[in-house]
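Protein chains in written order, with full-length UniProt numbering: chain A, 1 to 336; chain B, 1 to 480; chain C, 1 to 328. Don't be surprised by glycine CBs; every beta carbon is placed ideally from N, CA and C. Nothing here was measured: the structure is a model prediction, and the numbers come from that model. See below for the structure under consideration.
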Amino acid sequence: MSESRLRIALAWIGLRLLRRLRPRRRAQEPPAPRRAEPPDALARETPSTPRAELLVAALLLVGALAAAAFVVLYVVRPDTQLLGLCLGGALVICGIAAAFAGKRVVPQETASEPYEQLADERKVDDVGAIVREAGEGVSRRGMLAAAAGLAGATIGAAAVVPVASLGPAVGDRITATPWRRGRRLVDSEGRPLRPEQITEGTVVLAFPEAADRNTLDAPVMLLRFAPEELEMSAARRAAAPGGVIAYSRICTHASCAVSMYRHPLHPATAPEPALVCPCHFSTFDPRRGGAVLFGPAGRPLPQLPLQVNAAGELVAAGGFIGQVGPSYAGERETEA
Amino acid sequence: MRLVPRPDPVRDPVRFVDQRLGAGSLLRSTLRYVFPDHWSFMLGEIALYAFVMLVATGVFLSLNYVPSDETVTYTGSYAPLQGRTMGAQYESVLRIVFDLPAGNLLRQTHHWAANVFVVAIALHLARICLTGAFRRPRELNYLVGVTMLALALVEGFLGYSLIDDLLSGMGLAIAYSVAGSIPFVGGDLAILFWGGEYPGSSAIWPRMEILHVLLIPVAIGGLLTVHLVQVIRQHHTQFPGGPRGERAVVGTPLWAAYALRSIGLFLIVAGLLLLLGGLVQINPIWLWGPYETALSTNGAQPDWYLGWLIGALRLMPPLEVRFGDYVAVPNPFWGGALYPLVVFGILYLWPWIDKRRWGDRARHETLDRPRDNPRRTASFAALATWVFVILFAGSVDRFAFRTLISYEAQIWFLRGAAIAGPVVAYLVTRRLCEELRARERHPLRGWSGEVVRARDDGGWAAQPEEAPTDEAAGEAAPPR
Amino acid sequence: MSGHRHLSRARRLARAVARRRPLLPRPVRVAAAIGCASLAAAIGLGALASQAPSVGAQAGDEPPAATGNTPTSPAASGTATGPAPPAAIGAAPPTVTGSEPAPAAASGSDPASATPGQLAEGRRLFLSGCASCHGEDARGIEDVAPSLRGVGAASADFYLRTGRMPMEDPQDEPQRKEPFYDERQIAALVAYVGSFGGPPIPSVDPAAGDLSVGFRVFGELCAGCHQIVGRGGITTGAWVPGLQEASPLDVAEAIEIGPYVMPAFGDQLTQEQVDSLARYVTWTRQPDDVGGWGIGHIGPVPEGMVAWLLAGAALLLTIRLIGERTTR
Numbered sequence: 001m002s003e004s005r006l007r008i009a010l011a012w013i014g015l016r017l018l019r020r021l022r023p024r025r026r027a028q029e030p031p032a033p034r035r036a037e038p039p040d041a042l043a044r045e046t047p048s049t050p051r052a053e054l055l056v057a058a059l060l061l062v063g064a065l066a067a068a069a070f071v072v073l074y075v076v077r078p079d080t081q082l083l084g085l086c087l088g089g090a091l092v093i094c095g096i097a098a099a100f101a102g103k104r105v106v107p108q109e110t111a112s113e114p115y116e117q118l119a120d121e122r123k124v125d126d127v128g129a130i131v132r133e134a135g136e137g138v139s140r141r142g143m144l145a146a147a148a149g150l151a152g153a154t155i156g157a158a159a160v161v162p163v164a165s166l167g168p169a170v171g172d173r174i175t176a177t178p179w180r181r182g183r184r185l186v187d188s189e190g191r192p193l194r195p196e197q198i199t200e201g202t203v204v205l206a207f208p209e210a211a212d213r214n215t216l217d218a219p220v221m222l223l224r225f226a227p228e229e230l231e232m233s234a235a236r237r238a239a240a241p242g243g244v245i246a247y248s249r250i251c252t253h254a255s256c257a258v259s260m261y262r263h264p265l266h267p268a269t270a271p272e273p274a275l276v277c278p279c280h281f282s283t284f285d286p287r288r289g290g291a292v293l294f295g296p297a298g299r300p301l302p303q304l305p306l307q308v309n310a311a312g313e314l315v316a317a318g319g320f321i322g323q324v325g326p327s328y329a330g331e332r333e334t335e336a
Numbered sequence: 001m002r003l004v005p006r007p008d009p010v011r012d013p014v015r016f017v018d019q020r021l022g023a024g025s026l027l028r029s030t031l032r033y034v035f036p037d038h039w040s041f042m043l044g045e046i047a048l049y050a051f052v053m054l055v056a057t058g059v060f061l062s063l064n065y066v067p068s069d070e071t072v073t074y075t076g077s078y079a080p081l082q083g084r085t086m087g088a089q090y091e092s093v094l095r096i097v098f099d100l101p102a103g104n105l106l107r108q109t110h111h112w113a114a115n116v117f118v119v120a121i122a123l124h125l126a127r128i129c130l131t132g133a134f135r136r137p138r139e140l141n142y143l144v145g146v147t148m149l150a151l152a153l154v155e156g157f158l159g160y161s162l163i164d165d166l167l168s169g170m171g172l173a174i175a176y177s178v179a180g181s182i183p184f185v186g187g188d189l190a191i192l193f194w195g196g197e198y199p200g201s202s203a204i205w206p207r208m209e210i211l212h213v214l215l216i217p218v219a220i221g222g223l224l225t226v227h228l229v230q231v232i233r234q235h236h237t238q239f240p241g242g243p244r245g246e247r248a249v250v251g252t253p254l255w256a257a258y259a260l261r262s263i264g265l266f267l268i269v270a271g272l273l274l275l276l277g278g279l280v281q282i283n284p285i286w287l288w289g290p291y292e293t294a295l296s297t298n299g300a301q302p303d304w305y306l307g308w309l310i311g312a313l314r315l316m317p318p319l320e321v322r323f324g325d326y327v328a329v330p331n332p333f334w335g336g337a338l339y340p341l342v343v344f345g346i347l348y349l350w351p352w353i354d355k356r357r358w359g360d361r362a363r364h365e366t367l368d369r370p371r372d373n374p375r376r377t378a379s380f381a382a383l384a385t386w387v388f389v390i391l392f393a394g395s396v397d398r399f400a401f402r403t404l405i406s407y408e409a410q411i412w413f414l415r416g417a418a419i420a421g422p423v424v425a426y427l428v429t430r431r432l433c434e435e436l437r438a439r440e441r442h443p444l445r446g447w448s449g450e451v452v453r454a455r456d457d458g459g460w461a462a463q464p465e466e467a468p469t470d471e472a473a474g475e476a477a478p479p480r
Numbered sequence: 001m002s003g004h005r006h007l008s009r010a011r012r013l014a015r016a017v018a019r020r021r022p023l024l025p026r027p028v029r030v031a032a033a034i035g036c037a038s039l040a041a042a043i044g045l046g047a048l049a050s051q052a053p054s055v056g057a058q059a060g061d062e063p064p065a066a067t068g069n070t071p072t073s074p075a076a077s078g079t080a081t082g083p084a085p086p087a088a089i090g091a092a093p094p095t096v097t098g099s100e101p102a103p104a105a106a107s108g109s110d111p112a113s114a115t116p117g118q119l120a121e122g123r124r125l126f127l128s129g130c131a132s133c134h135g136e137d138a139r140g141i142e143d144v145a146p147s148l149r150g151v152g153a154a155s156a157d158f159y160l161r162t163g164r165m166p167m168e169d170p171q172d173e174p175q176r177k178e179p180f181y182d183e184r185q186i187a188a189l190v191a192y193v194g195s196f197g198g199p200p201i202p203s204v205d206p207a208a209g210d211l212s213v214g215f216r217v218f219g220e221l222c223a224g225c226h227q228i229v230g231r232g233g234i235t236t237g238a239w240v241p242g243l244q245e246a247s248p249l250d251v252a253e254a255i256e257i258g259p260y261v262m263p264a265f266g267d268q269l270t271q272e273q274v275d276s277l278a279r280y281v282t283w284t285r286q287p288d289d290v291g292g293w294g295i296g297h298i299g300p301v302p303e304g305m306v307a308w309l310l311a312g313a314a315l316l317l318t319i320r321l322i323g324e325r326t327t328r
């Protein structure tokens, strides 16, 4: 019902437009009033032909139809592809019509305009003189200038200082982590983890129990190696009970999650174990205290010391060995 | 019979305005403003129209975006995320994508417009630098343009980051680390802006939103106005060989041919962006999922116009400056901050480097064709190669995935290419320009044969004629 | 003999198809692969492939030291000449070397259900096709290939069904390609390797999984290497396959065994999570492209190419056409 009405309406619009399309005889047009000054044209021609005008009108009509279709679709079925096709198509077609009209319908003209003389030494002198006139009769110019400069500088400083209200002071924020001696490690479902769950060849994502996990210090990765495989200091090895070792999930280069763990099924024919960051491919050696094997990271992945509590669950034995997250210029980094 | 003045649909409104503002002569000169006839002068217009589309679509998006990281549980219409906890800002964008009619069309058009905006600016900048359009009297306008490019990059990054999807969260973490790596002030700066250690306090979201939807767009809009006013005041440059040379600009007046062409270009740019927005998926944040600090994905890149920064971060060897436990320069500074500062420094100083090199402080209204100044063209080719090699390094993991060429090997190769590439590009481009120019000046150079001439007596005679030598070609064209 | 040569050429072709990842969209690439496969079939390689059982039978009659059918790696043929006595099937008690116990939930193929005929054929195929690297007693050869005792049916099934084994050069990274053996042969080999013990083929039911859970777990454990939409990627030292061709069973097996350098996640995932992951991975074959053409689902790199090569080129063409006066 509404469709047929729409069709009638479109046909009517089409007919009206078609009637307008018939070329009017140019002879009957009143002559365009001429300009007082002659056009500064180097060359001028009127390229319009009835065919070109018809083409432009037809393109505009198609564009109008597509735009109307956009409106209808928006109400009836707002599908992204159809909407984009209709509105984008409408604009492109009308754009082609306009550009074509600009080249083949309206008069084509090559004109010229002189470049302006920009520099004028007299005006420069005048301005200089006007500025200096302000100092006439003023004897302590230096003192006034110094005082004004001082006032300006202090007011400027006063205007900038409130920027500090944007955030907290730096020091205490970076070094504080949720890891304390005895805090349990939980998996992403919040269940406590036991050392026997960490088997060789797997990687387990863990978080501090009852703490915000969406921070740089919270997430760690648990791996297991045969204790004799761990080539690291006695203190670090002691922090990896039974060969279960925890590293910060956050890259020391640019704070991305080190979410790749390659662990060879057959070490003789595959690359050695490594933790790799997918942002800039910093590669860390989990058997050597997280040392950098490749890529831009400047320091090892921090290690979280572990213990097993009386209930046989994995808990932190203290804060990280090494600072979590990226390095900050102007800060002091301390081990552990 | 009384003389009733016939209503005139054109002159009446002009008269109305003229009587009140005296703007008649301004209108007149505007309509007759001459645009030189060369396609490359429309590159800036593409950028302008992409910016118009960015504002138009951005208004819609900003009215539907929620700048908050409050944790919500998704219950909308997208199945793979149902029941997932996420920030309110990410959820508001999911709503734009899935639940607002034409929402995703406008979001994707906005994002494509951002990508094309920077493409157009880059091409425009290349045209300016290669043809010497930055020379006196247009140095200031050149600086305005470079500043807009820098702002566009920041603006694009902020828009990308506002969503807090997996990719943008990773990008923001890198930005945080780069900010923290700026010598002396970095740590304080990063903590200050983010309101704490990454991911920062909730205040970061309205902060970034205000920068993205208000401060930077207004800055770009203001500079754009200054840019256009300066162009109108100084007129376009033009290529050499025209009838009026340095004295007058020759081309098509604004009304009506140029206006129609330009309106056509606007509609085509807008239409193309909408077509892309409707038909080609961009930044499908619903596929990436929400960000948490513990999550990251392989194949993560920023939008193309920041790819040169991730490339620089990846190419940089693990070099840091430390004094004991005092961190002077962390690694991300080199690739993420120093490198773009050097590139933009070169761009900002380009007109003055050029002046110093040629000792040329004269006013120029006509351009050099790129081949007419081989060393300038070669210098720009070297700069572009430097940026491009490093941009390529940003996507080299995807390239390694496709070609099975080792990533590490490519990184080592590109470290070398980033140094040697510009030198090679300089030499090749310079030689190419000189060859082109020589061939044009002396089309018969290198030609061997005989010239046959008519003799006075009606017969023909072969006449030996020397082809011009290389030395002659070289001497004939000292760069200005 | 010429049959053998052809066979290895066919495998090289298949391998070339599998290895060359041209810059084409996946449908085109799959179409190309299908095209190559059908072309190979058309020129008779398919017929040769179906001869493989008889080739294997011949090989079984020959002394098992070296057969033309084995992967032709110099290292392999050099080290595979030891006069190791062929271990009688089932004679040696299968030693489970993996510390992981078979998950209770998994109840796929039971090695005990293998028929003696299957085991015999499996052994025959093993000796001709696998033993040169893995050793005639399946205990592996140092620096060439690992022991297969205890890797279980899950591992054998995964590597054989996805075409990763046999490999030409054991130092390469195993890549997915057309399986070398047919289904019956794979079943026999799986039964044979499974008879040494180890995890059985896991069971998986994507329909029982939850898409939302799968997406979340994939994001936590898999996306770092496989990319969040399963498009694959790289890590330093290795390539990570895309998962569009991975079947739900492939996913479950890979989780269980951790092939090549992938960690094994079998111990930390529940059956429901495995089902959900399989469901999500299957879903990523055709993710929800509400935005239109997906251009690879990897984000900015193809987007930048579209911005430059499609939009940029179209706009340059536009201004080239309308930017200058053409009438004179």
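Delimiting residues of the beta strand (DSSP E) encompassing residue i
i, result
"Ala147/A", "Looking at the DSSP string, Ala147/A is not in any beta strand (DSSP E); the run it does join, the alpha helix (DSSP H), is 141–160."
"Ser248/A", "244–248"
"Tyr326/B", "326–329"
"Val220/A", "220–224"
"Arg361/B", "First-last for Arg361/B: undefined, no H or E at that position."
Run of the alpha helix (DSSP H) containing residue i, from where it starts to where it stops
i, result
"Pro422/B", "407–441"
"Glu303/C", "300–305"
Given residue i as reference, the closest of the options once Cα atoms are compared
i, options, result
"Leu221/C", "Arg7/A, Arg181/A, Leu10/A, Met260/A", "Met260/A"
"Glu246/B", "Gly421/B, Arg136/B, Ile182/B", "Arg136/B"
"Ile321/A", "Leu265/A, Arg237/A, Gly330/A", "Arg237/A"
"Ala67/A", "Leu427/B, Leu275/B, Val423/B, Trp352/B", "Leu275/B"
"Leu87/A", "Ala239/A, Val76/A, Phe70/A, Phe100/A", "Phe70/A"
Nearest-angstrom Cβ-Cβ length linking residue i and residue j, presumed shorter than 8 Å
i, j, result
"Thr71/B", "Gly83/B", "In fact, because the Cβ distance is near 13 Å, the residues do not count as touching under 8 Å."
"Ala125/B", "Leu149/B", "Correcting the residue identity first, residue 125/B is Leu in this sequence and not Ala. Indeed, because the Cβ distance is near 6 Å, the residues count as touching under 8 Å."
"Val163/A", "Thr236/C", "Wrong, their Cβ atoms sit about 41 Å apart, outside the cutoff."
"Pro330/B", "Pro296/A", "Incorrect: roughly 10 Å between the Cβ atoms, too far for contact."
"Met42/B", "Leu319/B", "Not really, about 44 Å apart at Cβ, beyond 8 Å."
"Cys130/C", "Ile141/C", "That pair is no contact at about 11 Å."
Beta-bridge pairing of residue i - partner residues as DSSP gives them
i, result
"Gln89/B", "Paired residue(s): none; Gln89/B is not in a bridge."
"Ser112/A", "Val250/B"
"Arg261/B", "Bridge partners of Arg261/B: none, in fact."
"Pro290/B", "Asp165/B"
*asked:* Under 9 Å, CB to CB, which of the residues in the segment 394–428 of chain B have a partner in chain A?
replied: Near chain A, meaning a CB-to-CB distance below 9 Å, the residues of the segment 394–428 of chain B are Asp397, Tyr407, Glu408, Ile411.
_Tell me which residues of the segment 257–276 of chain A have at least one Cβ-Cβ distance to chain B shorter than 7 Å, keeping chain order._
When C-beta distances to chain B are compared with 7 Å, the residues of the segment 257–276 of chain A below that value are Ala257, Ser259, in chain order.
_the segment 291–306 of chain C: positions lying closer than 7 Å to chain B by Cβ_ = Listed in chain order, the positions of the segment 291–306 of chain C with a beta carbon within less than 7 Å of a beta carbon of chain B are Gly291, Gly292, Trp293, Gly294, Ile295, His297, Ile298, Gly299, Pro300, Val301, Glu303, Gly304, Val306.
_Under 8 Å, CB to CB, which of the residues in the segment 185–197 of chain B have a partner in chain A?_
Of all residues in the segment 185–197 of chain B, Val185, Gly186, Gly187, Asp188, Ala190, Ile191, Leu192, Phe193, Trp194, Gly195, Gly196, Glu197 have a Cβ within less than 8 Å of some Cβ in chain A.
*Could you please tell me which residues of the segment 220–239 of chain C, in chain order, have their CB closer than 7 Å to any CB of chain B?*
Close to chain B, meaning a Cβ-Cβ distance shorter than 7 Å, are the following residues of the segment 220–239 of chain C: Glu220, Ala223, Gly224, Cys225, His226, Gln227, Ile228, Val229, Arg231, Gly232, Gly233, Ile234, Thr236, Trp239.
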